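By the count of our numbering, the sequence shown reaches residue 441 at its end, each step adding exactly one.
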Amino acid sequence: MTGTGLVTLGETMAALAPDRIGPLRHASTLGLAVAGSESTVAIGVRRLGHPAAWIGRVGADELGELVTSRLRAESVTVHATADPAAPTGLMLKERRTAALRRVHYYRAGSAGSRLTPADLPAGLIESADLLHATGITPALSDTAAASVRTAIDRAHAASVPVSYDLNHRNRLWSWEEARAFTLPLLPRISLLFASEDEAELLLGHEPGAHSAETLAQELRKLGPETVVITMGADGAVAADSSGTTRISAVPVPEIDPVGAGDSFVAGYLAALLSGADPGERLDQAARVAAWSVATEGDWEGLPTAAELPLTAAPPGTVAR
């Protein structure tokens, strides 16, 4: 890869999380962080040694400053428009029980949802090694959808590979809306990520009627060169012109599953940028996702390249 690394775009919000298990209303202390699918991917790729840039829109407020300063602290290049007319979005995490987490969003009308094609810097996408987008951003607003479409069009015109994670959010839009937006884009997408149920819905199949390998190959026929189907604890499958590759998930104690999918994508994309083969990309993706699941926060526990070999360390290991 000879370009400027990864470029991604989307909304990054301020995030509040309690320090105890139980109803959010009984929490006495909330930790303040930032959260966003695309910025988690950017941070993960950057920690693994590749340049990463994030394009977004934040409020002209303290939470907007929080978002941009946290991303810059992770050495992510930030291209953020400060919007004086809308606030930075907010996410609240709730650890309702030890086994159940809920996420509450306050992003309607947020600065991030007001992203427009004019917010995309000239030349940045065209100089990238890889553009990454998700199905979250186009669900936020018509202008955000136009921004994603424009970014993909610009990348495609400049022969920059495009990675796209379906990352469907039922609270933001329907599957009919998601399919109408996504299907026309697939011929311009190089690499598609989808969970097994997302793939079934996109293709219009009944749940469980087809294997992950079959789903991946069917999606390839719609345009993407490579399709990765994630299956949670059952691992993942990747399909490209050489066939299909399957990998198991890395077993780890579950501390916080939020952000595992984005972490998987980050690991895969970093390996792709390093020139790894399909099996190596899946292996690294699974290991990075394991770090995410085994630590608190969406991205805070993501590993550096030097830490990745520790994934296989037995419980109780002390690295000296």
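Cβ atoms here follow ideal geometry from the backbone N, Cα and C, with glycine treated the same way.
No experiment lies behind these values; they were computed from the predicted model shown.
Task: Proximity winner among Pro-374, Leu-394, Gly-396 and Tyr-389, relative to Pro-436 (alpha-carbon distances) - done: Pro-374
Open item on the list: Strictly under 8 Å for the Cβ-Cβ distance: is Gly-382 near chain B by that measure?
Closed with: Of the protein chains in this structure there is only one, and it is not chain B.
TODO: Mind reading off the beta-carbon distance from Ala-249 to Val-128? Whole number of angstroms is fine, and I expect it under 8 Å.
DONE: 4 Å
Task: Burial state of Gly-418, where buried means 16 or more other Cβ atoms lie within 10 Å - done: buried
- [ ] Could you tell me which residues DSSP pairs with Phe-314 in its beta bridges?
- [x] Asp-286 and Val-349
Open item on the list: Rounded to the nearest angstrom, what separates Ala-220 and Arg-292 at their Cα positions?
Closed with: 22 Å
- [ ] Inspect the beta-carbon positions of Arg-168 and Pro-424 and report whether they are closer than 8 Å.
- [x] yes
Task: CB of Leu-324 within 8 Å of CB of Leu-340, strictly - done: yes
TODO: Locate the alpha helix (DSSP H) running through Ala-136, then write down its first and last residues.
DONE: Run containing Ala-136: none in the alpha helix (DSSP H); it sits in the beta strand (DSSP E), 134-139.
Open item on the list: Do Ala-206 and Gly-185 count as a contact pair if the criterion is CB distance below 8 Å?
Closed with: no
Task: Supposed contact pair Val-349 and Arg-309 - C-beta distance, whole angstroms, cut 8 Å - done: About 17 Å separates the two Cβ atoms, so there is no contact after all.
Open item on the list: Across the segment 402-416 and the segment 145-153, are there enough close Cβ pairs to call them in contact, namely three or more that are closer than 8 Å?
Closed with: no
Open item on the list: Could you compute how far the alpha carbon of Val-162 sits from the alpha carbon of Ala-411?
Closed with: 15 Å
Task: Option in Ala-156, Ala-427 and Ala-397 with minimal Cα separation from Leu-213 - done: Ala-156
TODO: Check the DSSP bridge columns for Lys-214 and list the partner residues they point to.
DONE: Val-224
Open item on the list: In the DSSP output, which residue or residues are listed as bridge partners for Trp-175?
Closed with: Thr-129 and Val-199
Task: Neighbour-count burial assignment, Arg-223, 16 or more Cβ in a 10 Å radius - done: exposed
Task: Ile-246, buried or exposed, once every other Cβ within 10 Å from all chains shown has been counted against 16 - done: buried
TODO: Go ahead and label His-289 buried or exposed: buried means 16 or more other beta carbons lie within 10 angstroms of its beta carbon, across all protein chains shown.
DONE: buried
- [ ] Could you check if Gly-353 is buried or exposed, using at least 16 other CB atoms within 10 Å of its CB as the buried criterion?
- [x] exposed
Task: Ala-272 in three-state terms, based on DSSP - done: helix
Task: Among Ala-265, Ala-397 and Arg-217, the one whose alpha carbon lies nearest that of Ser-231 - done: Ala-265
Task: DSSP-derived helix/strand/coil call for Arg-167 - done: helix
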